[in-house]
Structures are given as C-alpha cells and as structure tokens.
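Protein chains in written order, with the working numbering: chain P, 13 to 123; chain L, 1431 to 1965; chain C, 2 to 222.
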Amino acid sequence: MAQNNDNNANVLHPHITPMATYFKVALALFGLTFLTVFAHQFHHQMGSWAAPVAFLIALIKASLVILWFMHLKDDTKMNRFIFAIGFVFLALLFGICAIDFATRVPEFSPL
Amino acid sequence: MAKTTAHGDNYINYEKGLWSWLTTVDHKRIGLMYFITVMFFFFIGGVMALLLRLELFAPNTAPNVGQILANGDVYNQVMTYHGAIMVFMVIVPGIPAILGNFFLPLHIGAKDVAFPKINLLSWYCFMAGAILAIATFFTTKIDTGWTFYTPYSIRTGTATALMVLAAFIMGMSSILTGLNFIVTVHKLRAPGMTMHRMPLFVWSLYATAILQMLATPVLGITLLLLAVERFLGIGIFDPKLGGDPVLFQHFFWFYSHPAVYIMVIPAMGIVSELITTFSKKVIFGYTAIAYSSLGIAAVSFFVWGHHMFVSGQSETTGIIFSFLTMLVGVPTAIKMFNWVATFYKGSVEFRTPMLYALGFMFLFAIGGVTGIMLATLPIDVHFHDTYFVVAHFHYVMVGGTLMSLMGGYYYWFPKMFGKMYSESTARMSFVFIFIGFNVTFFPQFILGAMGMPRRYFDYIPAYETLNKISTVGSWLIGIGFLFGLYTIVHGLLKGEKAPMNPWGSKTLEWQTPSPPPHDNFSVEPVVTAGPYEYR
Amino acid sequence: MSTDNHAHGAHTAHVAHHFKTADQQYSSGKEGIWLFMLTEILMFGAIFVGYFYYHNQYPEMFAEGAKSLDWKMGFVNTLVLIFSSFTMAISISFIQKNQQKKAVLALATTILCAAIFMVIKYFEYQHKFHLGLYPGKFLDAAKVGAEHANLGLYFGFYYTMTGLHGIHVMIGIGLITWCLLRTVRGDFHSQYWIPVEGVGLFWHIVDLIWIFLFPLLYLVG
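Here is the structure:
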C-alpha cells in the first residue's frame, strides 16, 4: 500500500467529479427539500406516518450528500467503514436507552 | 527546517531551549512533556488520596486524629478532585499519551506519528483543560464526585460547569491522540511491518484509540449538555422539567465504561511486552492476545449499564447488562492464560519491570474477579456504593493501569533517557508499592462487605480497625513512590549510560540508539519477521 | 521528497518529512479527517438520541413546540445551506483542475451563504425571545400560554441543537475563510488540496446535521 516508493506515488491523480454530477445532486437536494415541505402540508392526513416520511426524505438527502458531495462513493473501504461505524454505535446507544425506557415500570408524571 | 545551528545527535539535545520544547512536533518530546505534566498531576492526586485516608484513620469522635479535614464539604471536595485528577489527568492519558506517543512510531518503524502538529495540539488541549480543572480549586471548588451525576451537579453551588468544560477539553486531547494513533498504525508502518508483525503494545494502543474515537464524543456532548444545563437550565437532565437523570447516567457511562478499558487495555499491552522480553521467549498466542484487545474494546460498549443497577434503569435492562458484563471476562482471561503460558519453559528474569508485570497479573486478577462479582445483579444491589466497589476499581485502575505504567517506565527508561536506573532502589520501590497497595485496598473489600458506604466523611466504630490498616497501607504506597522518584532522579543524574538494547529485546525501538535520534532510525528499518523472535 | 520532473509541471506536492510519498500523505490526511467526522457524528448523534428519548415521552409537548416554530425560516435556511454545500464541493473540483480564481469565487459564495444562514438564525432567535420562548426553566409556561408545563424542555433541545449547529457554522466560516486566503495565496493546486477537502467534509457534515434538524425541529410534531 504505502510501500511502493516509485515516482507515481508522488503524483496525485485526483478523482475529479464532473460539474454536471454536482449540479444534478444539488438539484435533487433542492427538489427533496421542496418535497419535504410539500409532504408536510398533508401531515394531518398522514397522521403517524408524517414523521417517518419526513425522515425517509431526510435520509435520502443525507445519502446524496454523503455519497456525492463527500465523495464516499469513491473513497476507500476503510473510510467508508469509519464513517458507517459511527451510526452503528449511535444505534447501540439509542437501542439500549430505548430498551430501558420501554421496560421501566410506569410511574405517573405530573408533567 | 533549514536551521544553520548544529543539531545534537539525539532527540533530547537535537534543539535547545524551552521554546524548542514548547513548539516541538517530535512525538518523543511530546511524550516526554506529557510525562512531566502527568506525573505532576499524579503527585497532586496522590496527596489528595493520602489526605482522604488520613481523615478516615479514625472516626470523627476519636481524640486528636479523629477529624483532620475541616468538615464533610471539604472531604467531598478532596474526594472529587482526587477522582477527577486521577481519572482525567493521570490514568486516561497516562499510557497512551506518554508511552504510546513515545513508542508507537518507534515500534512500527515510523519517523513520527501521522499528524505531528495535531499531536502537539493535543498536548496543549490537555494542558488547557488541566489548568482549567485545577483553577476550579481556587474558585468555589467542586463536590460532585468525578461522575458529575445529575440532578445534584445541576443544583450544587460549586464550579461544576468549569470543571465539566475542562473535562470536555481534555476529552478533545484524548480524541486527537486516538485519531493520530489509528492513522499512524494504518499508514506509517515500515516496509515489511504487517499488522500481524506489530508488537502487542501497538495492538493495544490501536484498540484503545478506537475506544477513544468512539466513546469520547458522547462524553463530550454529555458534559457540554450539563454545562449548558447549568447556564441555561435547559432541563434535559433535570427532573423538574421532565428531564431524566438516568439518561445522563446512560450517556455518561457510554463513555466512562469504555474509558475503563481506555485505561487498562494499553496496560495489558505493556504487560505483554514485559512478559515476553523477560521470559526470553516468544509470546504464547500472539494472535489471541492481539485480537482479544479488539474484543475487549468491542464488548466494553455493551456493558455500561452495570454501573446503574440501582439507579432506576429498568430491571430488564439490568438483567441484560448483568449477562453482557460477564462477557468481558472472556477476552481478559484469554490474555491472562497466554501470559502464564509464556512463562512455561521461558528463562524468566525478575528485573523491576517484570516484577511490575507480575504485580499487575496478581492485582488485576483480583480486580477482575471481584468485577465479575459486582456484575452479578443481586450481589451488586448489596455491594453498590460500598467500599467493596472502591476496592474493586482501585485494584483494576491502580493495580492494573498504574502497575503496568510503572513497569513500562522502568522498562523503557533506558531508551527514553539513555541512562540506566538503579535496580536495587527500583525493587525497593516496587515492594513498598505492592505490599502497601494490598494493605490499603484489601481491607476495603471486607469493609464493603460489612456495609461501609463509600464517599462518606465518617464511619461507625465497628469499621475502625480495618480503616486504620488501610490508612497505614496508604503511607507504604507513599514511601514506595518516594523510592520510585529517587530512582528516577538518581538514574537521570548519575545513571550509567544505557546500551542500545539492555534487555535483549527484539522489538524495533531497541534497534536504534538510546536515546533515539531525531528521526528515530538512521536507516529506515525493513521488517522480515514477527516482533518476538526469541527462540 | 522526489524531485523528478513529471507531467504536472510546476506543481508538486509538499510531502512532510515523515511521509514517503504524496499519496501516503494524502490518504493519511483523508483518513484522519474521516475519523474526526466520526466524532462529530457521535457527538451530534447523542443529542438526537436524547431528542428521540424525550419525544417518545412527551409527544404532545413536542408537537406544541414544533408548532410554535416558523417552518418557512427553516426551509429557507435548508436551501441556503444546501447551496453552500454545493459551492463548497465545486470549489475543490476547481482547485483540482488548477482553476484557482473560480475556486475563490465558489469559496466566497459558501461564506456568504453561511453568513446568510446565521443572519436568518439571528432573526429567528430574536423572534423567539420576543415571544418569551426561552429554554428550560426560563420559559414561563403561564406567560406564553403553553398547554404543557414543561414546554421549556422542547426549547432546551431547540436552542442546544441549533446553537451547537450554529457554533459549527461559525467555525466553518472561519475555516473556509482560511482556505480562501490560502487559495488566493496560491497554496492549493492540482497536487495539494487536502486542507480544502477536509474543511469541505466538515462543511458537508454541518449541512448533513441541518438536513436532519429541519424536519426534526420544525416539521415533526
């Protein structure tokens, strides 16, 4: 990996994303933002589905940013792993807190 | 870079003057700066510990020696500073920032860590945080204990917010160190130094760095929320506004339990080095030891709730955590068995570092087994917040981390300073520390089983004898460390010049002069075999 | 460091003494940045965990809180931040292609967008203060006519999350300005751009967090 000491390793060959891709991604992000707000107009009809829909759209937007703007699509496996592991451990923190909350003996709160 | 002044031939005299130290990006010098500062804080924390034990020498009603500290508030403050200083400023940075910084690049044949400037920045973060923490002592002080549990930490009229910010800043320093180590291990290994040829100390630092990266940010935000809570009363941890103090404990222990392994995994790495070197034998089960470090790191994230068995988390969660906690015993025992197996048919040499390694194994075994006891939910309900817990975590943190830290210092002293220490005073120091430690903390197991609660200013007369023994033990430890200090100072001033490899060790740092030159190796090493090719 | 001539003319990478090749230096730097991003995700993520924890406990109170926010402000801010993320991304492409002037323009636009974001934020906060919607214990439920006595908890989250995000925007402004000045000075070119890429990744994280904050605070009740 880092061992090869020939001249090639001293010249960087950046992976340049074409401008058109950035435009498309930005347009998609704008579009999805409008979609979020549009969907919000129907949140009374959607009821308990309103939140998951909003998060689904946010998740798609986040993936676009991560994969194209942050170039994780073309990055090394290690960097992808590093970024992903953060979410895994957040899920762990959330999961156990949720288990605790869900299995507590209910007590009446005046609030 | 292009200085015209003549450079010395090793890292200590490469450049001269205080300024050259304060602006250095050399990992060895930064390690040494950590050494000096951490030892200073260790001294302060140690004096606090002696004070606490002195207060507990007799019940408050006893004449003359009954009450040393002015009142219970002062006791709480001293107890808090002892805990916070020892945890955040001594044991957490102790091994990674001092010995890790110094030896990680040498171990893998690199010229420096991946980001030398960030390494220096981490020292400045550490100092900023540490000075802020000490500064709170001159304001209203703090009295929450090092755990900062809410809601007390929200209400108490002390400088908790400042202390918490200090811990946040020191956390940043810890993150930067961890970040540096991971990248260094991934990218800067010498030709031929594959992952499976790395010394076990490097493996342990690598596992520690992963913990530092994954756990510390959560502590950071928790402490930040606590500080904001105090300034703005946002209510997240305040039951008055419907907040949940148990959530604070979840967040806090999500860091602070892995932090226990941040303290002890590198200690295990050092012990692995010491045992193989002084047995003159290839370590038994290299792969098992290497991966058990990662195993402990992974498991450590699933066990934090065992600190909260009686805190109001649900019983279901308690049961889950009780079982999961038992899992930690598996990778730990793997290490223990492999070390013991390494002795078999080895030519064991009882030099001071080896004594510390053996001391570690003895004390850590006690600490570990009592840990399994405390992990058992029904037993913990009885032992929780008693001296049994105090004894347990001192056996792990002091008996584990500090023992191996001292062993590491003696082992690498010739390499760091180019001088030999005096074996006789070093052994004397070990004997006092080891015996003193057991005299101090073993009675506390019994006290805990008898029901003496921790963090109390006073006790009933029934506990008096064992407390007296414990306090005498603390003096023995103090004497032991004085011998240690003498050994170091004497070694620095009058020690013989150290050869390149006084212990006949096989790892890379011993294949360069003592002390190492500025660039670590005059010729880049090429590795062709594993780290412990003794026979 | 290799001094051999190669196809890239005047531009060569600056390789620090402890690295062997520009490639090694670049990939190390990149990995370091990603590790730092990991800590950012975990840090912000923990507050999100707290948010979900309490949202689950007091859904109606959170709904009341979300209703009192103006989603239009958040909406405009989302668009501004996405656009700034876009200009940040293209600035790196420009530097990689040695088009420094365009890169400077793109970076300046990014800073401008960040400033607009903060100004909108400022007016939003001011409006909240005007209505007496302070965080936590400072929110007088009777005075603002809140249905839930602990509405302050929602605003505790609102101010902490947007405040911490705002601090990141400010830090981002500082960092991007630093990149801009160094680009003007000609430090960055087709062989050396890692600081801009690092700051860029930081900026995208800031955007990423806002993408989640917007529906969380403004829309979902």
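Even glycine gets a Cβ: it sits at the ideal position worked out from N, Cα and C. For clarity, every value in this text was computed on a predicted model and none was experimentally measured.
Which partner residues does residue i have in the DSSP bridge list?
i, result
"Tyr193(C)", "His190(C)"
"Thr29(P)", "Bridge partners of Thr29(P): none, in fact."
"Lys89(P)", "Answer by DSSP bridge pairing: none, since Lys89(P) is not bridged."
"Thr1816(L)", "Pro1883(L)"
"Lys1849(L)", "Lys1927(L)"
Leaving aside the five residues before and after residue i along the sequence, list all residues of the same chain whose C-beta is less than 6 Å from its C-beta, in chain order.
i, result
"Phe1465(L)", "Ile1528"
"Gly2032(L)", "A question about residue 2032(L) goes unanswered here, because the residues of chain L that appear run from 1431 up to 1965."
"Thr1580(L)", "Phe1667, Pro1675 and Phe1678"
"Cys1555(L)", "Ile1599, Met1602 and Ser1603"
"Ala51(P)", "Val65"
"Lys1748(L)", "The identity of residue 1748(L) in the sequence shown is Gly, whereas the question assumes Lys. Phe1739 and Leu1807, listed in sequence order."
"Trp1933(L)", "Thr1707"
Spatial neighbours of residue i within its chain, please: C-beta separation below 7 Å, excluding the five flanking residues on both sides.
i, result
"Trp1576(L)", "Thr1510, Gly1513, Ala1514 and Val1517"
"Ser3(C)", "Below a pLDDT of 50, predicted positions are generally treated as unreliable, and Ser3(C), at 38, falls in that range; the measurement from the model is reported next regardless. Same-chain partners within the cutoff: there are none."
"Thr1782(L)", "Tyr1840, Glu1853, Ala1856, Arg1857 and Phe1860"
"Val1495(L)", "Phe1487 and Ala1488"
"Tyr219(C)", "Ala67, Leu70, Trp72 and Gly75"
"Lys1433(L)", "With a pLDDT of 46 at Lys1433(L), under the threshold of 50, the modelled position of that residue is not reliable, and the figure given next carries that caveat. Hits under 7 Å: none found."
Strictly below 8 Å CB to CB, what residues from chain P border residue i?
i, result
"Gln1743(L)", "Asp112 and Arg116"
"Pro136(C)", "Those do not exist, as Pro136(C) stays about 16 Å from chain P at its closest Cβ, beyond 8 Å."
"His1680(L)", "Leu105, Ile108, Cys109 and Asp112"
What does residue i reach in chain L if we use C-beta pairs closer than 7 Å?
i, result
"Asn78(C)", "Under the 7 Å cutoff, chain L gives no residues; its nearest Cβ is about 22 Å from Asn78(C)."
"Phe101(P)", "Leu1644 and Phe1731"
For the alpha helix (DSSP H) that residue i lies in, which residues bound it at each end?
i, result
"Leu1536(L)", "Asn1531 to Ile1538"
"His143(P)", "No answer is possible for residue 143(P): it lies beyond the span of chain P, which begins at 13 and ends at 123."
"Met1600(L)", "Thr1590 to Lys1617"
"Ala66(P)", "Ala62 to Leu76"
"Pro60(C)", "Pro60 to Lys68"
"His19(C)", "Run containing His19(C): none; DSSP gives neither H nor E here."
"Lys129(C)", "Gln101 to Leu132"
"Ala1637(L)", "Leu1630 to Leu1662"
"Thr1566(L)", "Run containing Thr1566(L): none; DSSP gives neither H nor E here."
"Glu1954(L)", "No alpha helix (DSSP H) holds Glu1954(L); DSSP gives it neither H nor E."
"Arg1627(L)", "Counting along the chain, Arg1627(L) falls outside any alpha helix (DSSP H), and DSSP gives it neither H nor E."
"Thr1706(L)", "Pro1675 to Ser1709"
"Ala147(C)", "Run containing Ala147(C): none; DSSP gives neither H nor E here."
"Ile93(C)", "Trp72 to Gln97"
"Glu1745(L)", "Glu1745 to Leu1757"
"His1737(L)", "No alpha helix (DSSP H) holds His1737(L); DSSP gives it neither H nor E."
"Phe1472(L)", "His1457 to Glu1485"
"Tyr1786(L)", "Thr1782 to Ala1805"
Give the interface partners of residue i over in chain C, defined as CB-CB distance under 7 Å, in chain order.
i, result
"Val1658(L)", "Thr161"
"Ala1967(L)", "A query on residue 1967(L) cannot be resolved here, the shown segment of chain L reaching from 1431 to 1965 and no further."
"Lys73(P)", "Ile212"
"Ile1612(L)", "Leu36"
Could you tell me which chain L residues have their CB closer than 8 Å to the CB of residue i, listed as they occur along the chain?
i, result
"Asn151(C)", "Gly1665, Leu1671 and Gly1672"
"Ser54(C)", "The question names Ser, but residue 54(C) in the sequence shown is Tyr. Under the 8 Å cutoff, chain L gives Asp1674 and Leu1677."
"Gly66(C)", "Those within 8 Å of Gly66(C) in chain L number zero; the least Cβ separation is about 12 Å."
"Phe139(C)", "Leu1662 and Gly1663"
Just the chain C side, please: which residues come within less than 9 Å of residue i by C-beta, in chain order?
i, result
"Gly98(P)", "Met38, Leu39, Thr40, Glu41, Ile42, Leu43 and Gly46"
"Met58(P)", "Within chain C, no residue comes near Met58(P); the closest Cβ sits about 11 Å away, beyond 9 Å."
Here's a check: name, in chain order, each residue in its chain whose Cβ is nearer than 8 Å to the Cβ of residue i, leaving out the five neighbours to either side.
i, result
"Ser1900(L)", "Arg1483, Leu1486, Val1869, Thr1870, Phe1871, Pro1873, Gln1874 and Leu1877"
"Pro136(C)", "Gly153, Phe156, Gly157, Tyr159, Tyr160 and Thr161"
What in chain L is Cβ-close to residue i, meaning under 9 Å?
i, result
"Met90(P)", "His1616"
"Leu104(P)", "Phe1684, Phe1731 and Phe1732"
Counting only Cβ pairs nearer than 7 Å, list the residues of chain P close to residue i.
i, result
"Ala90(C)", "Tyr34 and Phe81"
"Asp208(C)", "Val77"
"Val50(C)", "Leu102, Leu105, Phe106 and Cys109"
"Gln97(C)", "Pro26 and Ile28"
"Phe87(C)", "Tyr34 and Ala38"
At 9 Å on the CB atoms, spell out the chain P contacts of residue i, in chain order.
i, result
"Leu220(C)", "Thr48, Val49, Ala51, His52, His55, Ala62, Ala63 and Ala66"
What are the complete alpha helix (DSSP H) segments, minimum 4 residues, inside the segment 1826-1873 of chain L? 1833-1847
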